[in-house]
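S.K.:
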Ligand code: BTN
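Set out below in structure tokens:
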């Protein structure tokens, strides 16, 4: 962890806590939200109660994967808060591609790899904290050493090791957070939401595809045609064109 601290010294992520085990790094930061500084980073080797989106669990065996959360005081307009998840996803895609693998972002929060982008390698959970000084907690689980081919794991999940890549978790963390800092600066800048949108679309695994989006307010089936400046996904079908802010995307087929 000392190397991580040195490497991140010049970034906003230079307040770092490491715990070998906790319930959930996201829950920890949410609980401490009134006292934490911008950029606070919590890394853990193991979560006993790791949380995914929509109340799902996020499991990984001890010390095999990269598990962390960061705490942010957003310095951008509130309509850009949704960009935080793809910003971390894009930061991660860039690191994975530098390792020689093809990677993409599956709206809104998954990092996928493989030629047809159907294997999930990382998940991201962002939470907004409404308080005097509003905050965001964003956490990621990146599958580094688990699962391997014989491990029992959620369907369509994979890891760097299963793709033949052995890479130190600390190095990955440093590289991801350096990229993430650049993306945060981008979305804080005046026209950053425009350039970010282009980068997001360029690395999206779903634009142009026929998809089903499973939402709280009912499923939508159609073609994923665009991602808007605020991160919303635009779905077009014969009845309408709808801009959506939440949901799980299921690929149907390439059009
Ligand atoms: C998902 O794909 O549903 C999101 C998974 C997010 C998992 C990470 S692991 C670190 C942080 N702490 C948590 O409890 N969840 C996130």
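Residue numbers (the working numbering): 12 to 266. Backbone N, C-alpha and C fix where the C-beta goes; we use that ideal spot for every residue, glycine too.
Got a sec, what are the start and stop residues for the beta strand (DSSP E) residue 252 sits in?
M.R.: Taking the first residue of the chain shown as position 1, residue 252 is located at position 241. 252-255 is the extent of the beta strand (DSSP E) around residue 252.
S.K.: Determine the direct distance from the alpha carbon of residue 98 to that of residue 266, and round the result to whole angstroms.
M.R.: The residue you call residue 266 lines up with position 255 of the chain shown. The residue you call residue 98 lines up with position 87 of the chain shown. Only weak support is given to the placement of residue 266: the predicted model assigns it a pLDDT of 47, under 50, and the question is left unresolved by the model.
S.K.: Per DSSP, what are the beta-bridge partners of residue 130 in this structure?
M.R.: Reading the chain shown from its first residue, position 119 is the one you call residue 130. DSSP output for residue 130 lists 124 as bridge partner(s).
S.K.: What residue from 153, 140 and 64 has the CA that sits closest to residue 100's CA?
M.R.: Position 89 of the chain shown, counted from the start, is the residue given in the question as residue 100. Among 153, 140 and 64, the Cα nearest to that of residue 100 belongs to 153.
S.K.: Report the rounded CA-to-CA distance for residue 229 versus residue 257, giving the unit in angstroms.
M.R.: In the chain shown, the residue the question calls residue 229 occupies position 218. In the chain shown, the residue the question calls residue 257 occupies position 246. Going from the Cα of residue 229 to the Cα of residue 257 covers about 11 Å.
S.K.: Less than 8 Å between the CB atoms is what I'm expecting for residue 134 and residue 63, so what's the real figure, rounded?
M.R.: Translated into the one-based positions of the chain shown, residue 134 becomes position 123. Translated into the one-based positions of the chain shown, residue 63 becomes position 52. About 6 Å separates the two Cβ atoms, so the contact holds.
S.K.: With distance defined between alpha-carbon atoms, name the residue in 149, 227, 252 and 226 nearest to residue 237.
M.R.: As a first step, residue 237 is located in the chain shown; it is residue number 226 there, counting from the start. Closest option to residue 237, Cα to Cα, is 252.
S.K.: Tell me whether residue 78 counts as near ligand 1, meaning its Cβ is closer than 6 Å to at least one heavy atom of that ligand.
M.R.: Position 67 of the chain shown, counting from 1, holds the residue named residue 78. At least one heavy atom of ligand 1 is nearer than 6 Å to the Cβ of residue 78, so yes.
S.K.: When the Cα of residue 131 is compared with those of 93, 177, 164 and 79, which residue comes out closest?
M.R.: As a position in the chain shown, residue 131 is number 120, starting the count at 1. When only C-alpha atoms are compared, the closest one is 164.
S.K.: Fully enclosed by the stretch 188-256, which alpha helix (DSSP H) runs are 4 residues long or longer?
M.R.: 203-213
S.K.: Mind checking which residues open and close the alpha helix (DSSP H) that includes residue 99?
M.R.: Within the chain shown, the letter at position 88 stands for residue 99. Run containing residue 99: 95-109, per the alpha helix (DSSP H) assignment.
S.K.: Could you give the DSSP three-state label for residue 180: helix, strand or coil?
M.R.: To locate residue 180, count along the chain shown from 1; it is residue 169. Three-state result, residue 180: helix.
S.K.: May I have the straight-line CA-CA distance separating residue 260 from residue 19, to the nearest angstrom?
M.R.: Taking the chain shown and counting its residues from 1, the one referred to as residue 260 is at position 249. Taking the chain shown and counting its residues from 1, the one referred to as residue 19 is at position 8. Using only the alpha carbons, I get a separation of about 34 Å.
S.K.: Express the C-alpha separation of residue 186 and residue 180 in angstroms, rounding to a whole number.
M.R.: Numbered from its first residue, the chain shown carries residue 180 at position 169. Numbered from its first residue, the chain shown carries residue 186 at position 175. Whole-angstrom Cα-Cα distance: 10 Å.
S.K.: Is the number of C-beta pairs between the stretch 86-93 and the stretch 154-173 that are closer than 8 Å three or more?
M.R.: no
S.K.: Please say whether residue 78 and residue 147 have beta carbons closer to each other than 7 Å?
M.R.: Here the question's residue 147 lines up with position 136 in the chain shown. Here the question's residue 78 lines up with position 67 in the chain shown. Not closer than 7 Å, so no.
S.K.: Under 7 Å, do residue 76 and residue 155 count as touching if we go by C-beta distance?
M.R.: By 1-based counting over the chain shown, the position of residue 76 is 65. By 1-based counting over the chain shown, the position of residue 155 is 144. Yes, the pair counts as a contact, with Cβ atoms nearer than the cut-off.
S.K.: From the DSSP output, read off the bridge partner residues of residue 152.
M.R.: Stepping through the chain shown from its first residue, residue 152 is reached at position 141. Answer is 78 and 134.
S.K.: For residue 59, which of helix, strand or coil comes out of DSSP?
M.R.: Position 48 of the chain shown holds residue 59. Coil, per DSSP.
S.K.: Is residue 115 near ligand 1, in the sense that its beta carbon is under 6 Å from a heavy atom of that ligand?
M.R.: Taking the chain shown and counting its residues from 1, one reaches residue 115 at position 104. Annotation for residue 115 indicates a beta carbon at 6 Å or more from all heavy atoms of ligand 1.
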